[in-house]
Amino acid sequence: MPLSADAQVLETSNGLVNTLHVAAGGPHPGFRPAHAKGHLLTGTFTPSSAASNLTSAPHFNATSTPITARFSSSTGIPNIPDTDANGNPRGLAIRFHLPDVNGKRAHTDIIAHSTKYFPTRTGAEFLEFLKAATGGNAGEAVPEFLGRHPETLRFLQDPKPSPVSFATQHYFGVNAFKFIKDGKVTTLRYRIVPVAGLEYVSEEDLKSKSATYLFDETPERLKAGPIEFKLLAQIAQEGDVTDNATEIWPEEREIVELGSIKIDKTLSEEESLKEQKHVIFDPIPRVEGVDVSDDPLLDVRASVYLISGRERREAKVEEAADGAKTEAAKAAT
1 MPLSADAQVL
11 ETSNGLVNTL
21 HVAAGGPHPG
31 FRPAHAKGHL
41 LTGTFTPSSA
51 ASNLTSAPHF
61 NATSTPITAR
71 FSSSTGIPNI
81 PDTDANGNPR
91 GLAIRFHLPD
101 VNGKRAHTDI
111 IAHSTKYFPT
121 RTGAEFLEFL
131 KAATGGNAGE
141 AVPEFLGRHP
151 ETLRFLQDPK
161 PSPVSFATQH
171 YFGVNAFKFI
181 KDGKVTTLRY
191 RIVPVAGLEY
201 VSEEDLKSKS
211 ATYLFDETPE
221 RLKAGPIEFK
231 LLAQIAQEGD
241 VTDNATEIWP
251 EEREIVELGS
261 IKIDKTLSEE
271 ESLKEQKHVI
281 FDPIPRVEGV
291 DVSDDPLLDV
301 RASVYLISGR
311 ERREAKVEEA
321 ADGAKTEAAK
331 AAT
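With the first letter of the sequence shown counted as 1, position 109 gets the number 109 in full-length UniProt numbering; the numbers rise by one all the way through.
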């Protein structure tokens, strides 16, 4: 997973990581600057026949593929209460563990969150917004930015209810990708839909929930059986915007079921904290049969993930472990 070769992208990506740390009152060594609070689980992906008709990618043509999944809450605050509205949108990242290539482990990822939009079209605009929000003149700078960027205001105003469970929430891949098979290109966006159906907590009932209710609920739910999702693709038509994650496509666009996701095991808290320090999810697929679109966010997002991932790996083990204990203690109070 290489860093971008574009100097401007690297400058923007480093600025985003640093500013996200500021927004979260950090940095918090060993934790992500965004979606810091999360937990790892394992399971299996089983593709549909429709998927193999669209792409030559190995995980869409194998009988099944082992996966690692990560449920998460927004912000870079590791101990953000599950009841805090700022924890929405929730995140779901999925790693597909592919057959080794030349003796090296191979994988590809899907990264999604629980809203259809991204707040800005480019990484530079997102950095500008974050600096406005974290600067000393936020009261004037933020309204001024939103006046120039109604798409960001729409993202902020879009309802983001808290789910009953990570398993009763839908997730969207906001970036467009290209599926390739025998020279045919199909442009699409991912959707991940819960088999259990959508279910949310009312604002009144949320007041009685614990600060860790979502992360406590997941292992309890798994005792009754796997958590299941359907991986879908919304197919773009000619003329649909593919380089702007603030614009969604019409709902009447064709939806294709790509396969089923079955999560059957949650890692222990200790295992999850250890693995999360090392796992760097990649917004760019880097696998045969799936390619990036012309969305400028992808290069920036990939660099942000890699820069912050290297930070986590370089954090002192003792510092990260002590931080995890401190954050866990805060979350419990």
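Even glycine gets a Cβ: it sits at the ideal position worked out from N, Cα and C.
As the structure is a computational prediction, the values presented were derived from the model and not from experiment.
Rounded straight-line distance, which links the Cα of residue j to that of residue i
i: residue 379; j: K209; result: A question about residue 379 goes unanswered here, because the residues of the chain that appear run from 1 up to 333.
i: V201; j: P81; result: 15 Å
i: V195; j: P150; result: 34 Å
i: F153; j: F129; result: For clarity, residue 153 is Leu in the given sequence; the question names Phe instead. Each residue's alpha carbon lies about 11 Å from the other.
i: A176; j: E254; result: 15 Å
i: A315; j: V241; result: 40 Å
i: S162; j: L54; result: 34 Å
i: D6; j: E220; result: 46 Å
i: L206; j: T19; result: 30 Å
i: P143; j: S56; result: 46 Å
i: E217; j: Q8; result: 42 Å
i: L258; j: I192; result: 10 Å
Whether residue i touches residue j by CB criterion (8 Å)
i: G76; j: A36; result: yes
i: P283; j: Y305; result: yes
i: S64; j: R90; result: no
i: L231; j: Y190; result: yes
i: A50; j: V279; result: no
i: I263; j: G26; result: no
i: P99; j: P66; result: no
Opposing strand residues paired with residue i [DSSP bridges]
i: E228; result: K262
i: R95; result: T68, D109
i: H39; result: F71
i: P163; result: Y200
i: V300; result: DSSP lists no partner for V300.
i: A233; result: Y190, V256
For residue i, the three-state DSSP class (helix, strand or coil)
i: K104; result: strand
i: L20; result: helix
i: Q169; result: coil
i: K131; result: helix
i: V241; result: coil
i: P47; result: strand
i: A324; result: Since pLDDT at A324 reaches only 47, below the 50 mark, its modelled position is unreliable, and the value read off the structure follows with that caveat. Helix, per DSSP.
i: P285; result: coil
i: E257; result: strand
i: S180; result: Correcting the residue type first, residue 180 is Ile in the shown sequence and not Ser. Looking at I180 - three-state DSSP - the assignment turns out to be strand.
i: T212; result: coil
i: R191; result: strand
i: V292; result: strand
i: V142; result: helix
Supposed close pair residue i, residue j - CB separation, criterion 8 Å
i: A112; j: L92; result: 5 Å
i: F60; j: S52; result: 6 Å
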